[in-house]
Every structure is written in structure tokens, then in C-alpha cells.
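What follows is a single structure, written as C-alpha cells, with notes after it.
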Amino acid sequence: MEPHIKLDNQEVSLNYQPLETSQVGILVRYIFITIPRAKKLLETWEKKAQAIPDINLRQQALASIKHKAFHCQGGAVYAVPYPQSESQLLQLITAYQTICDYLDNLCDRAGSTDGDAFLLLHQSLIDALTPGNIPKDYYARYSIHEDGGYLQELVRKCQSCVEVLPSYQVVYPDIMRLADLYIQLQVKKHLALDIREQELKQWVQENLPQYPGILWQEFAAASGSTLALFALFGLATCESIDKKQCQQVVKAYFPWICGLHILLDYFIDQQEDCEGGDLNFTFYYESTEQMLDRLKLFIQEAHRCADLLPSSTFDKTIVEGLLAAYLSDNKVSQQGYRPIAHDLLDTSGPSAVRTYRLCSAVRKFL
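Under this note's numbering, the sequence shown has 292 at position 308, and the numbering climbs by one with no breaks.
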């Protein structure tokens, strides 16, 4: 007999195979099936990280998995609409996000501000997404080298996954552009304090004309999200897609859904980043009121764009899930931001409030 769960008075099987089009079905499969599978994959990479010879690289690899596991678990939701390709997508998303988190730690914690070293490290992300590229010595300009092949193995895992996606060549140009934006942001935001902001603003200004109405820090924030990539990975599992479908996804996700994602992340990290002297793009708003108004704009535009996508139920669930996941974090209460959180949830609507309550309950068991 198949296990079932009741949620909002709807009974949902936990063993279904086809895509559930309801938000309830999406959430149930994600919470009870997809997250546990993503956790198991992360455990595999954790074991490999434990074997890294250099103690500093080993510590950073393990720390990135321990403290940023929620990035992989969150990204895993993009496997839910494609049950026939779920295993492959989970392997790809987990490996790619693990590279991102590991490199972020290497740039953050090494005491280095060498942009050339950071750029070469991040070449691994380009190679990971490009079948046929031979993994190289990504540490050649970095102060530490001996990782026992850990980063190269992550790259090869991604390559083996993307090379069999039926429509990968259709999404590849957009994937490369999004990956490049992510890399440019990561390199520049880890430069020395005296040049970091200037480099970031100059880079953003070169790209901003394509996105009227977006502030420089919002474009930078959107560039730091991997969600658009994961959405394109899923689209690439389909046998027949065209450029128009690909562009629909990109326009919905960048800058709106991606921007909302990272701005919420920075919103809940304000106190932590202030104390640590870390870059936080919400600090560039003129006031709390402006920040709140801009976050509301991103919520509204993210919903509007999601409504235009063929998979609108799923993508709207993503928008509401972002709000629920970040605003249910204990950091919100600790900083006295609960009234702002409720204001943002109300902007999204009743469904977001329900998802928030569900997320708050699920947090107790994860």
C-alpha cells in the first residue's frame, strides 16, 4: 500500500511517478522524496572531501558542505518536475552547487584577494558545464594545491550529466552567459576592499542598460543565484525544446526570481555581515523603507513572470518557497525583522503564508 500524507485537506501519494501539477504535490514530493535523496548525494561528496590531503582545503570543502547544504537541498527542487530524469538532475545540481559553495569558501577564507587566482578556480564551473573540456589545475595561481582530485572529480560528474541531456545544446549559450555572470560577480566581490566596490559597479554598469529599472546592487545580487541554471538543466531534459522556450525561462528568472533569491539571502544576513565586515547588497539601499519597497517589487515581478511560464504552478511555488525558506529562518526573529517578513509574505499572497507555515514546521525535522 502506497504511503500518503494529508496537506491542506488533499491526500497525496508519496510514490507517484508523473509530475504532480498541484503545489501540494510539488511540495510533498520535494520534502519527503527529493530532499532525502539530495542529502545522500551530499554525504557521498562529504566522504570524498574527508580524503582531501591538504588540511586547509579539506576544512573548506567540509565546511562548505556542512554549512551550505541547504543550497543543494534547495536547488534539488528543480528535479521535481522531471521524475523520469530526477536522479540525473539531482547528481548534476548537487555536484555543481557543491563546486560553487566550495569555491566561495576558498575565496572567502583563504586571506587572498588575488582576482587571477579566483578566476582560474572558477574556470572549473565553465568546464563542468562544457563536455569535452579537460579538467585542469585550477589551483595553479592559488596558494594551496593538493586536493587529491576533489574539484576535478566534481567537474567530471557535472560533465557526465550534462552531456546526455537531450536538449543541452539549445540551453548551452544561455547557461554559459549565466555562469559567466556568476563567475564575474564571485571574482569581483572577493577583491581587496579598496577596489571591490568600484570593480563591481563598473562591471554592472556595462550590463545594466539591458535591464531598465534595476539598481546596480540588484543586478549583482541576481548574478549570484544559480536558480536560472537549474531551471535550464530541467528544461534540457525534454526531448524537443526551442530557443523561445529557453528565453522565456531566462527572462523570468533573471533578474526577478534570481534577484529575489539573493536579496532575501542578504536580507536575513544583515547583522552577521555587518559584524563580519562582509559585502551585503541590501546595505546599498538608502533606507529600510526603500529596501522593503524593492523587495516587494521583486516579489510582484517574480510572480508576474512565473505566471507567463508553461510550468507556472511550479515556478510560482519556487517564488513562494524562497519567501518561506528565508523568512522562516531564526535570523529573522533574532534581528527583529518579523513585521517586515509578514509584510513581504502578504505581498506574495495567502499561498505564500501557507507555504511559510509549512516550512516553519518542516524546519523542526530537517
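Here a beta-carbon is modelled for each residue, glycine too, at the ideal position from N, C-alpha and C. Remember, it's a predicted structure, so these values are computed and weren't measured experimentally.
Check	Outcome
Comparing alpha-carbon positions, which option in Val148, Asp178, Leu149, Val188 lies nearest Gln167?	As written in the sequence, residue 167 is Ile, which differs from the Gln given in the question. Taking only the C-alpha atoms, the option nearest Ile167 is Val188.
By Cβ distance, which residues of its chain are closer than 8 angstroms to Val346, with the 5 residues on each side in sequence left out?	Ile15
So is Val(-4) buried or exposed if we call it buried at 16+ other beta carbons inside 10 Å?	Residue confidence for Val(-4) is low, a pLDDT of 37 falling below 50, so the modelled location carries little weight; the figure read from the coordinates is stated next. Buried, because 16 or more other Cβ atoms sit within 10 Å of the Cβ of Val(-4).
In whole angstroms, give me the CA-to-CA distance for Lys300 and Ile10.	11 angstroms
Suppose the cutoff is 8 angstroms on Cβ atoms and the five residues either side in sequence are ignored; what does the same chain contact list for Thr297 look like?	Thr5, Ser6, Gln7, Ile10
Taking all protein chains shown into account, decide if Gln186 is buried (16 or more other Cβ within 10 angstroms of its Cβ) or exposed.	exposed
From Leu311 to Glu190, what distance separates their C-alpha atoms?	33 angstroms
If you run the structure through DSSP and keep just helix, strand and coil, what is Glu273?	helix
Helix, strand or coil for Pro196 per DSSP?	coil
For the region -6 to 65, which segments carrying the alpha helix (DSSP H) assignment without a break, of at least 4 residues, lie completely within its bounds, in sequence order?	7 to 13, 19 to 34, 39 to 59
Given this structure, state the Cα-to-Cα distance separating Asp327 from Val171, to the nearest angstrom.	34 angstroms
Pick out whichever of Leu293, Gln43, Leu342, Gly243 has its Cα sitting closest to the Cα of Tyr134.	Gln43
Let me check understanding here. Comparing Cα to Cα, which of Ala45, Leu76, Gln68, Ser69 lies closest to Gln57?	Leu76
Should Cys230 and Val154 be called a contact, given that it needs their Cβ atoms to be closer than 8 angstroms?	yes
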